[in-house]
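K.L.:
Adding 545 to a residue's 1-based position in the sequence shown gives its number in my numbering.
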Amino acid sequence: MLYAEKLSRILSGNQLNVLHNYDFLHLNALVELDLRGNRLETFEAKVFEPLKSLEVLYLNENQIHQLRPGMFPLLGNLQTLSLAHNRIEDIAQQSFPMPRLRHLANKCYHLRLFHTKKNFCCIELA
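1) Flag this pair as yes or no: are the beta carbons of Phe593 and Pro614 separated by less than 7 Å?
2) Classify Ala574 as buried or exposed, calling it buried when 16 or more other Cβ atoms lie within 10 Å of its own Cβ.
3) Which residue wins for smallest C-alpha separation from Ile636, given the options Leu585, His610 and Gln624?
4) Could you check if Val563 is buried or exposed, using at least 16 other CB atoms within 10 Å of its CB as the buried criterion?
5) Between the Cα of Met643 and the Cα atoms of Gln624, Leu628, His630 and Ala629, which residue gives the shortest distance?
6) When the Cα of Glu538 is compared with those of Ser553, Asn559 and Leu570, which residue comes out closest?
7) Smallest Cα separation from Glu577: which of Lys597, Ala590, Glu589 and Leu561?
8) Closer than 7 Å by C-beta to Asn566: which residues in its own chain qualify, once you throw out the five before and the five after it? Chain order, please.
9) With H, G and I counted as helix, E and B as strand and the rest as coil, what does DSSP make of Asp579?
10) Would you say Asn622 and Glu586 are within 7 Å of each other, going by their C-beta atoms?
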């Protein structure tokens, strides 16, 4: 039996400080994206939109301060989102419009407000 290879991109530790809407345009088969250990504070609203197959997104160890509606488009296949060790202080209610999201890792020691009605199987808040 043949198994389809899962496409991953590891961009960790590259000192990236911004992501633009065109950065992932032709990666619609990407399943896992690792952006850990960069200097990301924010990113353009549609940067992840082309990633229709994305299941896992690592944004740990960046400089993200807040999550606003529109930062994550409807990523219908996203199951795991890791935001651990950022500087997140506020998470807006409509920040996670992902119907299959089940694992949200968010060890953020600066977190003050967490407004969401989404139920997660695994959520780490420290």
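The beta-carbon is built from N, C-alpha and C at its ideal position, and this holds for glycine as well.
P.N.:
Reading off the structure:
1) no
2) exposed
3) His610
4) exposed
5) Gln624
6) The displayed coordinates of the chain run from 546 to 671. Any statement about residue 538 would go beyond what the structure contains.
7) Lys597
8) Glu589, Lys591 and Val592
9) strand
10) no
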